[in-house]
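Take a look at the structure set out below.
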Amino acid sequence: MWEELEKILQALKQEYESLLALGKKKHGILISVDLKSLENLLKEEDAHTKKVASLENARKALLTKLASLDKTLRPDMKMTEIYEAVASPKRRVSLEKLHDELTELVDETVKQNEVNSILVHGAMQAVSAKLNQIGGADATGAYGKKGDIVTHKKKFDFKA
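In our numbering, the protein residues as written are 743 to 902.
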């Protein structure tokens, strides 16, 4: 069963490597505002995310099964504690190494997603400002009892 856990962790590692690469690619696409490429990338990213969710479910099910077979294991244990129950020192080292690499990849992927989120937020603000400029809306930027005061200027003469 430990071999099966190792395979699952290896598959998770590969999926997170793909997600990190896609996150870096998304960064460039967001900067260049290439919406068609972004749409394709999001579909690819979604497939990897679903695979990660499936692998996580398999990992949890396997750990539950291991806990039922080995009474020294508890569901609330940390992975580093669980690896101590592995009889083979070689397998234990391999699992710990995979776990460390996976943890690092997850952290990098989360950081990349945070950076991309900031880019998306900034782009949305720029689009909103441009739409307001085109539409002639002007907000005061001050809050009062009734909120922002928004005025609309006529930019077109529809009677012409």
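Ideal Cβ placement from N, Cα and C applies to all residues, glycine included.
Practice task
In the DSSP assignment, find the alpha helix (DSSP H) that holds Ser830 and state where it starts and stops.
Solution key: Run containing Ser830: none; DSSP gives neither H nor E here.
Practice task
Quick one: grab the DSSP three-state call for Val775.
Solution key: Residue state, collapsed to three classes: coil.
Problem - Residue from Lys832, Lys872 and Gln854 with nearest C-alpha to Lys766 - result: Gln854
Handout entry: beta-carbon Ala763 near the ligand NAD non-hydrogen atom, thresh 7 Å
Key = The ligand NAD is absent from the structure shown, which contains no ligands of any kind.
Exercise for the section: Taking 8 Å as the threshold, find out whether the stretch 752 to 763 comes into contact with the stretch 785 to 803 through three or more Cβ pairs. Expected result: yes
Practice task
Return helix, strand or coil for Met866, following the three-state DSSP convention.
Solution key: Three-state DSSP puts Met866 in a helix.
Practice task
With a threshold of 16 other CB atoms inside 10 Å of the CB of Thr814, please say whether the residue is buried or exposed.
Solution key: exposed
Exercise for the section: Select from Glu746, Trp744 and Glu757 the residue whose C-alpha is nearest the C-alpha of Thr845. Expected result: Glu757
Practice task
Identify, in the order they occur along the chain, each residue of the same chain with its Cβ nearer than 8 Å to the Cβ of Glu843, setting aside the five sequence neighbours on each side.
Solution key: Lys755
Exercise for the section: With a threshold of 16 other CB atoms inside 10 Å of the CB of Lys807, please say whether the residue is buried or exposed. Expected result: exposed
Practice task
Just the C-alpha distance for Val775 and Ile860, rounded to the nearest angstrom, thanks.
Solution key: 14 Å
Exercise for the section: Mark Ile876 as exposed unless 16 or more other C-beta atoms lie within 10 angstroms of its C-beta, in which case mark it buried. Expected result: Exposed, since its Cβ has fewer than 16 Cβ neighbours within 10 Å.
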